[in-house]
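Numbering (our numbering), first residue to last: 54 to 239.
Cβ coordinates follow ideal geometry from the N, Cα and C atoms, glycine included.
Structure first, then comments.
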Amino acid sequence: MAKSEETLKLEREIWTATRKMGVFGCFEVTIGWFGKERVDYMTYDTKGIFRCYEIKVSKADFHSKAANTFLGHYNYYVMPLKLYDAVASEIPDHVGVYCDGGCVKRAKKRDCVDTNTLKDSLLRCLYREAEKVIKSENPNIIENLSKRVERAESEARNNHRKYTELINVVYEKYGHEGYKDLMALI
């Protein structure tokens, strides 16, 4: 089943929020060798700390029978702020929450974590992701896309600068009325 746009947005937000030196993460980590549990996103850091994130996009999703795989040292829900406001009282005390790319409720540490199983599970899923890139027959795809994004961002900055300069020229040459006429055309 394809992921909703809201799910993809929350995935991007949690990836961005956890993307730091010494933190390694992967989406859809199946726990154990033939595990029936899958965490939406898991990170592991150089201090040996696992964090598990369950993405919830709606109240129905939050209340679904799907397991919340909270097996990390720290465990979080990732959800829209509106949903958090609606279900805050139902979230266990030890579970944290990320909304809009930031932590709105801190998780409490759990010590009863099977780190070997989590590490093995994360490694298998990271390998799966690397294999996808290699099988795409374009192992440089990420590097190429990053360069394209960088060029597009640079072009956008240059275009914005030129736009601002043009607006200033119009304002200086034609005054406030000319500026208003130009804005009406845009």
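1) Enumerate in chain order the residues of its own chain whose CB-to-CB distance from N128 is below 6 angstroms, with the five nearest sequence positions on each side excluded.
2) Would I67 and V166 be called neighbours here (beta carbons separated by less than 8 angstroms)?
3) Would you mind giving the Cβ-Cβ distance between L134 and D114, rounded to the nearest angstrom? I have them listed as a contact below 8 angstroms.
4) Can you say whether K109 is buried or exposed, counting buried as having 16 or more other CB atoms within 10 angstroms of its CB?
5) What's the C-alpha gap between G231 and S57?
6) For the putative contact between E90 and F80, defined by C-beta atoms under 8 angstroms, what is the C-beta separation to the nearest angstrom?
7) Give the single residue among K118, T170, L176 whose Cα lies nearest to the Cα of F77.
8) Could you check how far apart the C-beta atoms of H126 and K162 are, in whole angstroms? I think they sit under 8 angstroms.
9) What would DSSP say about D138, mapped onto helix, strand or coil?
Taking the geometry as given:
1) C105, V148, A160
2) no
3) Actually they are not in contact, since the Cβ atoms of L134 and D114 sit about 15 angstroms apart, beyond 8 angstroms.
4) Around the Cβ of K109, a 10 Å sphere holds 16 or more other Cβ atoms; the residue is buried.
5) 45 angstroms
6) That belief does not hold up - the Cβ atoms of E90 and F80 are roughly 15 angstroms apart, past 8 angstroms.
7) If we check each option's Cα against that of F77, L176 comes out closest.
8) Contact flag correct, Cβ pair sits at about 5 angstroms.
9) helix
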